[in-house]
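Novice:
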Amino acid sequence: MPSTVLVGAQWGDEGKGKICDLVAGDFDAVVRYSGGNNAGHTIVVNGKKYGLHQVPSGIMYSDHVSVIGNGCVVNPKVVLEEIDMFEADGITTKNLKISGNAHVIMPYHIDLDGAFEQKLGKKNIGTTKRGIGPCYQDKMARIGLRMQDMLDEALFRDKLETALARVNPELELIYNLPTYTVDQICDEYLPMAERLRPYITETSLLLNNMIDEGKDLLFEGAQATLLDIDHGTYPYVTSSNCTAGGAITGSGVGMKNVDRVLGVMKAYITRVGSGPMPTELSYESEAGHTLTEEGYEYGVTTGRRRRCGWFDGPIANYASRVNGLTDIALTKLDVLSAFDTIKVCVAYDVDGERYTSVPEHQVRFEHAKPIYEELPGWKCDITGCRSFDELPQEAQDYVAFIEDLAHTRVTFIGVGAGREQIINRFWK
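According to my numbering, the sequence shown is numbered sequentially starting from 8.
As structure tokens, then:
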């Protein structure tokens, strides 16, 4: 099994966790390469559900190596909570490895994240307020603290003093928030560092040695293509590279070692938070209400209703291009069984100009009006289908239509919420 990058191809919530759960057993290591505890997914181990935000889903396999790469930002408290959760149930975490170069989310990052969102008011980005953006901001400003720094108290104190010299005036003078002392943070973080010491290592070297031994890696993406800091719908994005290219820089594994890029997308589209969404349907509309309720489009943690719309072909085309997709996992096809007729956006009209991919200029994307084609629905239960040929012809035609728009084959088709409710066409 070649090494593979698994990436969200829309705005997130595409069902990456389910697909990762499905294929992770084919690999020797599962690697998180970007983001922090701002995105969660659920895995099932021995019939019990576990919600993960920081630890890779490969943790369910005792013989797999699970890696939090250098491109991630780490909340030590969250990692330890997830470690304790598994260990309490007899699931070993001895194969969890954390890059010493991964940056640490500090308490002031969380404070600043919430304060800045509040200051933006109606123009807020819609962040999770978990300190992700401010942590990456310090990383780029070269005053961030890394996991390896916590293992040396003198070094940690010295770097923390430098960071607080910048952060404290911002907290106090701009946001009227409490400030921090070096001792205050050390008292909280140094004990956690000692508990995490056995897990912190040189993960780039580890992964490359595994490749040299003939082992295969799965790079587990967080968030999604249109939330990527460079390729997403800026500024309504996350603060890291969550496209396939981020797997390289976020893990320290060279490009020649990646053979497949598996993009996960819903058979329609959803979005959380602010920003343009050309095919959005109002919840009050019949189609919007049906997609929301049939797909149960509510956040797992917050319960917040997601914005829903018809499948967006230009986004699929764009995601395929910027990620270099070799395969698509199309999830929630069963939700569309509720419709007599299904609309698909095949292009945008932007001030009289036709676009078949996402325009680079944000203003043009904000002005994009969807150009739809209508396909016949199938109006029957497909949740029991386990092969492509078992799908009704209309569903097969819908999948083929998406393949043409994305210029990429659909390898997996999700036909229900269950782990076994999946059609595997080409994965070997």
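Ideal Cβ positions, reconstructed from N, Cα and C, are used throughout, including at glycine.
It should be emphasised that the depicted structure is a prediction, and the values quoted were computed from it without experimental measurement.
Are there 16 or more other CB atoms within 10 angstroms of the CB of Ser394, so buried, or fewer, so exposed?
Specialist: Exposed: under 16 other Cβ atoms inside 10 Å.
Novice: Which residues in the same chain as Arg361 place their Cβ atom closer than 6 Å to its Cβ, once the five residues preceding and following it in sequence are excluded?
Specialist: Ala354
Novice: Count the other CB atoms, across all protein chains shown, that sit within 10 Å of the CB of Ala375; report buried if there are 16 or more and exposed otherwise.
Specialist: buried
Novice: In chain order, what residues of the same chain lie with their CB nearer than 6 Å to the CB of Thr415, ignoring the 5 residues before and after it?
Specialist: The beta carbon of Thr415 sits closer than 6 Å to the beta carbons of Ser327, Leu332 and Ile335 from its chain, once the five residues preceding and following it are set aside; these are given in chain order.
Novice: Among the candidates Pro383, Asp356, Ile378 and Phe372, whose CA atom is the shortest distance from the CA of Asp347?
Specialist: The candidate whose alpha carbon is nearest that of Asp347 is Pro383.
Novice: Using alpha carbons as the reference points, say which of Asn330, Leu197 and Asn324 lies closest to Gly253.
Specialist: Per the Cα distances, Asn330.
Novice: From the DSSP output, which residues share a beta bridge with Arg278?
Specialist: Bridge partners of Arg278: Arg314.
Novice: So what does Thr11 bridge to, in DSSP terms?
Specialist: Leu225 and Arg267
Novice: What ranges does the beta strand (DSSP E) occupy inside the segment 17 to 46, keeping only unbroken runs of at least 3 residues that lie completely in it?
Specialist: 36 to 39
Novice: Thinking Gly316 and Gly15 are a contact (beta carbons under 8 Å), I'd like their distance in whole angstroms, please.
Specialist: Contact flag wrong, Cβ pair sits at about 16 Å.
Novice: Note down the Cα distance separating Gly107 from Lys350, rounded to an integer number of angstroms.
Specialist: 48 Å
Novice: Taking Cβ to Cβ, would you say Val80 is nearer than 8 Å to Ala109?
Specialist: yes
Novice: May I ask you to report which of helix, strand or coil DSSP gives Pro321?
Specialist: helix
Novice: In the structure shown, what three-state DSSP assignment does Asn215 receive?
Specialist: helix
Novice: What would DSSP say about Ala231, mapped onto helix, strand or coil?
Specialist: coil
Novice: How about Leu281 and Gly42: are their beta carbons less than 8 Å apart?
Specialist: The sequence shown places Ser at residue 281, not Leu. At the C-beta level, Ser281 and Gly42 stay beyond 8 Å of one another.
Novice: For Val74 versus Ala36, is the C-beta spacing smaller than 8 Å?
Specialist: yes
Novice: Starting from the C-beta of Leu213, find all residues in its chain whose C-beta is less than 7 Å away, skip the five residues before and the five after it, and write them out in chain order.
Specialist: Lys104
Novice: From what residue to what residue does the alpha helix (DSSP H) around Val174 run?
Specialist: Glu160 to Pro176
Novice: Flag Pro114 as yes if its beta-carbon sits less than 8 Å from any beta-carbon of chain D, otherwise no.
Specialist: This model lacks chain D altogether, as it is built from one protein chain only.
Novice: Below 8 Å on the Cβ atoms is my guess for Gln61 versus Val86; work out the distance and round it to an integer in Å.
Specialist: 5 Å
Novice: Are three or more beta carbon pairs between the segment 133 to 146 and the segment 40 to 56 nearer than 8 Å?
Specialist: Taking a cut-off of 8 Å on C-beta distances, the segment 133 to 146 touches the segment 40 to 56, as three or more cross pairs fall below it.
Novice: Can you tell me where the beta strand (DSSP E) holding His48 begins and where it ends?
Specialist: His48 to Val52
Novice: Can you list, in chain order, the residues of its chain whose CB lies under 7 Å from that of Glu179, leaving out five sequence neighbours each side?
Specialist: Thr186
Novice: Taking contact to mean at least 3 C-beta pairs separated by less than 8 Å, is the segment 256 to 268 in contact with the segment 57 to 72?
Specialist: Flag = no, the segment 256 to 268 and the segment 57 to 72 do not touch.
Novice: If you run the structure through DSSP and keep just helix, strand and coil, what is Glu291?
Specialist: Coil.
Novice: Can you tell me which of Met147, Leu203, Gln144 and Leu171 puts its alpha carbon nearest to the alpha carbon of Asp159?
Specialist: Leu203
Novice: So the alpha helix (DSSP H) Thr256 belongs to, where does it begin and stop?
Specialist: Gly252 to Thr256 is the span of the alpha helix (DSSP H), which, as asked, contains Thr256.
Novice: Under three-state DSSP, which class holds Tyr115?
Specialist: helix
Novice: Can you name the residues that DSSP bridges to Ser106?
Specialist: Thr208
Novice: Just to check my reading of the structure: Gly47 and Leu59 have Cβ atoms closer than 8 Å, yes? What is that Cβ distance to the nearest angstrom?
Specialist: 6 Å
Novice: Taking buried to mean at least 16 other C-beta atoms within 10 Å of its own C-beta, is Ile181 buried or exposed?
Specialist: Under a 10 Å Cβ-count criterion, Ile181 is classified as exposed, with fewer than 16 other Cβ atoms of the shown protein chains found around its own Cβ.
Novice: Who are the near neighbours of Val244 in its chain, counting only those whose CB is closer than 6 Å to its CB and skipping five residues on each side?
Specialist: Excluding sequence neighbours, Val244 sits near Leu234 and Ile236.
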